[in-house]
Amino acid sequence: MRQRKNIGDLVEVILDLGRNAEARFPIEQIPLSEIEVSRNEISHVVQQVGHFGDDNRAGIERTLHRISVVRNRAGEPVGLTCRVGRAVYGSVRLIEDLIRSGKSVLILGRPGVGKTTILRETARVLADEAEKRVVIVDTSNEIAGDGDVPHPAIGRARRMQVGNSSLQHNVMIEGVENHMPEVIVIDEMSTELEAIAARTIAERGVQLVATAHGNSLTNVVSNPTLSDLVGGTQTVTLGDIEARRRRTQKTVLERKHEPTFDIVVEIRERNVVTIHPEVGTAVDRMLRGISIPQETRRLQSNGLVETKIEEMPGTESEFQSTPFDINDLTRQRPRRNGELNRPEKTSTNGINRSGGNFSRYETDTEITNESTTSVFAFGIPKKYYH
Numbered sequence: 000m001r002q003r004k005n006i007g008d009l010v011e012v013i014l015d016l017g018r019n020a021e022a023r024f025p026i027e028q029i030p031l032s033e034i035e036v037s038r039n040e041i042s043h044v045v046q047q048v049g050h051f052g053d054d055n056r057a058g059i060e061r062t063l064h065r066i067s068v069v070r071n072r073a074g075e076p077v078g079l080t081c082r083v084g085r086a087v088y089g090s091v092r093l094i095e096d097l098i099r100s101g102k103s104v105l106i107l108g109r110p111g112v113g114k115t116t117i118l119r120e121t122a123r124v125l126a127d128e129a130e131k132r133v134v135i136v137d138t139s140n141e142i143a144g145d146g147d148v149p150h151p152a153i154g155r156a157r158r159m160q161v162g163n164s165s166l167q168h169n170v171m172i173e174g175v176e177n178h179m180p181e182v183i184v185i186d187e188m189s190t191e192l193e194a195i196a197a198r199t200i201a202e203r204g205v206q207l208v209a210t211a212h213g214n215s216l217t218n219v220v221s222n223p224t225l226s227d228l229v230g231g232t233q234t235v236t237l238g239d240i241e242a243r244r245r246r247t248q249k250t251v252l253e254r255k256h257e258p259t260f261d262i263v264v265e266i267r268e269r270n271v272v273t274i275h276p277e278v279g280t281a282v283d284r285m286l287r288g289i290s291i292p293q294e295t296r297r298l299q300s301n302g303l304v305e306t307k308i309e310e311m312p313g314t315e316s317e318f319q320s321t322p323f324d325i326n327d328l329t330r331q332r333p334r335r336n337g338e339l340n341r342p343e344k345t346s347t348n349g350i351n352r353s354g355g356n357f358s359r360y361e362t363d364t365e366i367t368n369e370s371t372t373s374v375f376a377f378g379i380p381k382k383y384y385h
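Quick note on numbering: numbering that gives the first Met the number 0 labels position 42 of the sequence shown as 41, and the sequence is numbered without any gaps.
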């Protein structure tokens, strides 16, 4: 292993009962031995590590490494994941202007893409360079390392440990009430209580920088547990005129309130991020089935940041429907011989996919602004009176 040129890219080492030990790199997996891992070997590692928390995680004191245990139904350890933790200075460069703006930032991305690494560097930059009072709520001691002395990678930021992961929301509120932070850094927000606590913190004027379980803004909006972080959703009933204006059904989803986080950052790759600078507007457009303009940033090999901004089309007729379709439009299909028009559902959300003029109903008569409306007593023309 030590002779490998890419040893610095090692992600984790896997030990599973009855299988060969494995070293995992970003793009490959290398067997470490031809001998299967025994139960005694796993038990020996568990004893050397010591105490595992209620989340089955443990660390090595004064380091950023994490060891997670896999247990069988009887609670006995049958596997281990030894994850390599690294402090990567400069990893926050892609979004440094965002975190220095004072706005709350939510970081999303798949497991292992580098969310915690960016969060750790964020805490250091804000504490040391921006000279702000930063408090870290460290869910599993992954940001500041295991043990009572925080890792130097967080700079002058302070760290609060979480004894029970199910009570993290209490630690979040305690940090604001007792330690007067200007910035709260939180890793792995995953429960509704934590989302409520985050809203309480934001309403007190404290900047939040956090990660959450989700790969994109779409995932968070559709997650009933975490959607409150970006404004939440509620079902509303529109009037006839408004429903026709929007070209949607009368029952639609709308954003419930102002988002807790002002900015959402989606980590696509280690050096590529997608940014939603106005979360409220992005969620509104998403619920309407309208495409969302995005800002993509890429860190080049020479250290420069390449930015690509998607321009917002001028009118709704130019938008294309996104895959995140919530409100189905009911429209009529062309009549056949002897057949009445029947409503038919489509997932266009009232937005023309082809970019042409939108036709509200496929009927023989074109509806214009000059069309007159006749009102009859009892709802029928006089010629039909008896």
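Here a beta-carbon is modelled for each residue, glycine too, at the ideal position from N, C-alpha and C.
Where do the ends of the alpha helix (DSSP H) carrying Ser42 lie?
Your numbering for residue 42 matches position 43 in the sequence shown. Per DSSP, Ser42 belongs to the alpha helix (DSSP H) from Arg38 to Val48.
Measure how close the beta-carbons of His256 and Gly288 come, nearest whole angstrom, since I'm counting them as under 8 Å.
Here residue 256 refers to the residue found at position 257 of the sequence shown. Here residue 288 refers to the residue found at position 289 of the sequence shown. With 8 Å as the limit, His256 and Gly288 do not qualify as a contact, their Cβ atoms being about 21 Å apart.
In DSSP terms, what Asn218 is bridged to:
To locate residue 218, count along the sequence shown from 1; it is residue 219. Its beta-bridge partners do not exist; DSSP assigns none.
Exposed or buried, Glu176, counting other C-beta atoms within 10 Å across all chains shown (16 or more means buried)?
Numbered from its first residue, the sequence shown carries residue 176 at position 177. That one is exposed.
The ligand MG heavy atoms versus the CB of Arg132: any closer than 7 Å?
Among the ligands in the structure shown, none appear at all, so the ligand MG cannot be discussed.
Is it right to say Gln167 is buried, meaning 16 or more other beta carbons lie within 10 angstroms of its own, or is it exposed?
Working through the sequence shown from its first residue, we reach residue 167 at position 168. When all chains shown are included, Gln167 counts as buried.
DSSP state of Asn19, grouped into three classes?
Residue 19 sits at position 20 when you count from the first residue of the sequence shown. If DSSP states are grouped into helix, strand and coil, Asn19 belongs with the strands.
Straight-line gap, Val182 to Asn19 (C-alpha atoms, nearest Å):
One-based indexing of the sequence shown puts residue 182 at position 183. One-based indexing of the sequence shown puts residue 19 at position 20. Each residue's Cα considered, the two are about 45 Å apart.
Helix, strand or coil: how does DSSP classify Gln167 here?
The residue labelled residue 167 in the question sits at position 168 within the sequence shown. Gln167 falls in the helix class under three-state DSSP.
Does DSSP classify Glu338 as helix, strand or coil?
Your numbering for residue 338 matches position 339 in the sequence shown. Low per-residue confidence applies at Glu338: pLDDT is 46, beneath 50, and the placement is therefore not dependable, though the value from the model is reported in the following sentence. Correct three-state label for Glu338: coil.
Going by beta-carbon coordinates alone, are Leu216 and Glu265 separated by less than 8 Å?
Mapped onto the sequence shown, residue 216 falls at position 217. Mapped onto the sequence shown, residue 265 falls at position 266. Contact flag set, yes.
Coil, strand or helix - Gly58 by DSSP:
Numbered from 1 along the sequence shown, position 59 holds the residue referred to as residue 58. Gly58: strand per DSSP, three-state reduction.
Can you tell which of Gly84, Val205 and Leu79 has the C-alpha that lies nearest to the C-alpha of Gly144?
In the sequence shown, counting from the first residue as 1, residue 144 sits at position 145. Closest by alpha carbon: Gly84.
In angstroms with no decimal places, state the Cα-to-Cα distance between Ser300 and Val272.
As a first step, residue 300 is located in the sequence shown; it is residue number 301 there, counting from the start. As a first step, residue 272 is located in the sequence shown; it is residue number 273 there, counting from the start. Going by the C-alpha atoms only, they are around 15 Å apart.
Met179 (DSSP reduced to helix, strand or coil)
Residue mapping note: residue 179 aligns to position 180 of the sequence shown, counting from 1. Residue state, collapsed to three classes: coil.
Within the segment 242–316, ranges of the alpha helix (DSSP H) (whole runs, at least 4 residues):
Runs of the alpha helix (DSSP H) inside the segment 242–316: 278–286.
By DSSP, does Arg330 sit in helix, in strand, or in coil?
As a working note, residue 330 is residue 331 in the sequence shown. Confidence at Arg330 is low in this model, with a pLDDT of 40, below 50, so its placement is unreliable and the value that follows should be read with caution. Three-state DSSP puts Arg330 in a strand.
Does the distance from the CB of Pro25 to the CB of Val45 come in under 8 Å?
Locating residue 25 in the sequence shown gives position 26, where the first residue counts as 1. Locating residue 45 in the sequence shown gives position 46, where the first residue counts as 1. The answer is no: Cβ separation not under 8 Å.
Which residues DSSP lists as bridging Leu14, in chain order
On the sequence shown, position 15 is the one that residue 14 refers to. DSSP lists Leu79 as partners of Leu14.
Measure from the alpha carbon of Arg203 to the alpha carbon of each residue in Arg65, Arg244, Leu303 and Met179, then state which is nearest.
Here residue 203 refers to the residue found at position 204 of the sequence shown. Answer by Cα proximity: Met179.
Using the beta-carbon count (16 or more within 10 Å), is Val263 buried or exposed?
As a working mapping, residue 263 is identified with position 264 in the sequence shown. With 16 or more other Cβ atoms within 10 Å, it is buried.
What is the DSSP secondary structure of Pro151, counted as helix, strand or coil?
Here the question's residue 151 lines up with position 152 in the sequence shown. DSSP places Pro151 in helix when its eight states are reduced to three.
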